[in-house]
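This report concerns only the one structure given below.
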Amino acid sequence: MLLSFSKALIRAAALFTALNLHAAEKLPLDRLKLPPGFEISVWATVPDARSIAQAPGGRFFVGNRAKDKVYLVQNGKAQVFADKLDTPNGVAVKDGKLYVAEVPRILEYAIPGKINGPQKFIRELPQKFPKDTHHGWKFIRFGPDGKLYVPVGAPCNICDLGTEYGRIYRVDVNGTGKDVVAEGVRNTVGFDWDPVSKDLWFTDNGRDWYGEDSPPDEINHLTKVGEHFGFPFCHGKNIQDKEFGKGKDCKTFKAPEAELRAHVAALGMRFYNGKMFPSEYQGGIIYAEHGSWNRTIPQGYMVGFAQVKDGKITNVKPLVEGWLQAGGDVFGRPVDVEVMEDGSVLISDDKAGVIYRLTYKAKGK
1 MLLSFSKALI
11 RAAALFTALN
21 LHAAEKLPLD
31 RLKLPPGFEI
41 SVWATVPDAR
51 SIAQAPGGRF
61 FVGNRAKDKV
71 YLVQNGKAQV
81 FADKLDTPNG
91 VAVKDGKLYV
101 AEVPRILEYA
111 IPGKINGPQK
121 FIRELPQKFP
131 KDTHHGWKFI
141 RFGPDGKLYV
151 PVGAPCNICD
161 LGTEYGRIYR
171 VDVNGTGKDV
181 VAEGVRNTVG
191 FDWDPVSKDL
201 WFTDNGRDWY
211 GEDSPPDEIN
221 HLTKVGEHFG
231 FPFCHGKNIQ
241 DKEFGKGKDC
251 KTFKAPEAEL
261 RAHVAALGMR
271 FYNGKMFPSE
281 YQGGIIYAEH
291 GSWNRTIPQG
301 YMVGFAQVKD
311 GKITNVKPLV
321 EGWLQAGGDV
331 FGRPVDVEVM
341 EDGSVLISDD
351 KAGVIYRLTY
361 KAKGK
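Written as structure tokens, this is what we have:
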């Protein structure tokens with residue numbers, strides 16, 4: 001009886017994989033618009049693919065928000081690394097350990113050489129976070145200082161944040177400390193560090209129900225620990241909130257480096273430091289727009305590129321677009337990006353349940 005049950009599980013898993021691969025093959029990638037020389041393909045099938053963390057040996061860990069699993073992907077093949085989790089959106093790797101962010105806590109896992117079924121976590125970090133699920137899912141990443149950076153979003157569309165919310169924290173995974181790095185941050189689901197200056201940059205999602213074209217989403221640049229980026233008092237570079245901004249001077253808050261279109265839901269971002277793409281992409285930011293959910297005419301649903309020079313964004317343009325079709329049909333929603341060792345870029349998509357690989361080949365090569 002046990003043997004037949006095991007066989008049934010194996011067959012079910014194989015059928016699930018086959019169905020997902022079939023669905024991935026049906027994606028109309030030919031509708032995506034790319035600059036000359038760029039190509040995109042489905043690299044892996046991962047249900048509800050969200051945050052991506054790279055480990056040595058070509059291994060990638062992928063979290064999700066709508067499900068309870070973290071996946072390990074290698075050579076384009078995914079397997080469950082951990083399960084029975086609560087909104088495991090955030091994943092980060094350091095010193096042979098995987099860190100997974102649930103809503104109120106961070107879990108630590110050992111990364112064995114061979115995976116045989118879901119792994120058990122070693123421990124729960126002592127640092128605790130609020131249990132609110134509204135903007136409670138987390139993107140996490142280790143900074144150049146070796147600390148783990150953990151955001152706590154606003155538990156609302158817009159409200160008085162109190163002392164715990166709207167912040168980016170950093171924690172010592174080998175200690176108990178939890179320091180505030182940035183304040184006035186509504187909901188960041190992606191950040192990275194400038195490879196030259198080591199400054200922290202992050203995306204932030206603007207509030208809802210303030211108009212079709214306001215306020216903007218943002219790309220922000222932290223130059224000093226403790227800077228306040230305006231929420232809930234001010235939005236963008238100089239938009240005073242009608243309800244919470246009374247008596248506030250927006251010039252006293254840190255303005256964004258770039259204002260993106262309203263409601264595009266800018267999420268994952270990475271500085272491009274690979275060698276595959278043309279030189280104009282070196283040192284710039286590749287970021288994902290998940291797409292609007294309540295705008296009359298949808299927008300976003302693309303991967304963009306922000307050119308950076310001397311700590312300033314000089315230009316923002318689309319890199320991959322077309323997941324949003326004429327008439328409002330959507331076949332994909334980009335979430336996170338990650339630069340592979342060969343310089344290609346992975347893009348997660350939680351709607352299609354896949355990870356794409358973006359490559360470049362110069363003409364004539």
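Under this note's numbering, the first residue of the sequence shown is numbered 1, with each subsequent residue one higher.
Think of the CB as a built atom: it goes at the ideal place given N, C-alpha and C, for glycine as much as any other residue.
Check: Do D86 and V70 have their CB atoms nearer than 9 Å?
Finding: No, the pair does not count as a contact, with Cβ atoms beyond the cut-off.
Check your understanding: A154 by DSSP, collapsed to three states: which one?
Key -> coil
Can you tell me where the beta strand (DSSP E) holding K77 begins and where it ends?
K77 to A82
Any beta strand (DSSP E) of 3 or more consecutive residues that is wholly inside the stretch 186-258
191-193, 200-204 and 216-222
- Between the beta-carbon of R333 and the beta-carbon of L346, is there less than 9 Å? no
Worksheet item: Using the rule of at least 16 other Cβ atoms within 10 Å of the residue's Cβ for burial, across every protein chain shown, is S344 buried or exposed?
Response: S344 comes out buried.
Discussion item. What would DSSP say about S51, mapped onto helix, strand or coil?
Written reply: The three-state secondary structure of S51, taken from DSSP, is coil.
Quiz prompt | Run of the beta strand (DSSP E) containing D68, from where it starts to where it stops | solution = Run containing D68: none; DSSP gives neither H nor E here.
Taking R167 as the reference, give the member of N174, V173 and K178 with the closest Cα.
K178
Between the alpha carbons of P88 and R65, how many angstroms are there, rounded? 6 Å
task = Use the C-beta contact count for G90: other C-beta atoms within 10 angstroms, 16 or more gives buried, fewer gives exposed.
result = buried
Taking C-alpha atoms, which residue in W209, Y99 and G274 lies nearest to D342? Here the closest residue by C-alpha is G274.
Notebook entry, point to check: L161 and P232 look like a contact to me (Cβ under 8 Å); what is the Cβ gap, rounded to whole Å?
Noted result: 7 Å
Use the C-beta contact count for K26: other C-beta atoms within 10 angstroms, 16 or more gives buried, fewer gives exposed.
exposed
So, using beta-carbon positions, are V335 and R50 closer together than 9 Å? yes
- Tell me whether A24 sits in a helix, a strand or coil according to DSSP, three-state version. Note: A24 maps to helix in three-state DSSP.
Original post:
Between the C-alpha atoms of Y281 and P118, what's the straight-line distance to the nearest angstrom?
Top reply: 38 Å
Exercise for the section: Taking T45 as part of the beta strand (DSSP E), name the residues at either end of that continuous run. Expected result: Membership of T45 in the beta strand (DSSP E) is indicated by the continuous run F38 to T45.
Problem - Cβ neighbours of G76 in the same chain (closer than 7 Å, five flanking residues each side left out) - result: W43 and A44
**Message:** Using a Cβ-Cβ cutoff of less than 6 Å, which residues in the same chain neighbour T314 once the five nearest sequence positions on both sides are dropped?
**Reply:** Q307
query = Just the Cα atoms here: how many angstroms apart are H135 and K312?
reply = 28 Å
message: Need the endpoints of the beta strand (DSSP E) that V330 sits in, please.
response: That residue, V330, is in no beta strand (DSSP E); it is neither H nor E in DSSP.
Give the DSSP-derived three-state secondary structure of E102 in the structure shown. coil
**Prompt:** Alpha carbon to alpha carbon, what distance is there between P47 and V152?
**Reply:** 25 Å
With distances taken from CA atoms, which of T359, G284, Q74 and P35 is nearest Q54?
-> Of the residues T359, G284, Q74 and P35, the one whose Cα lies closest to the Cα of Q54 is Q74.
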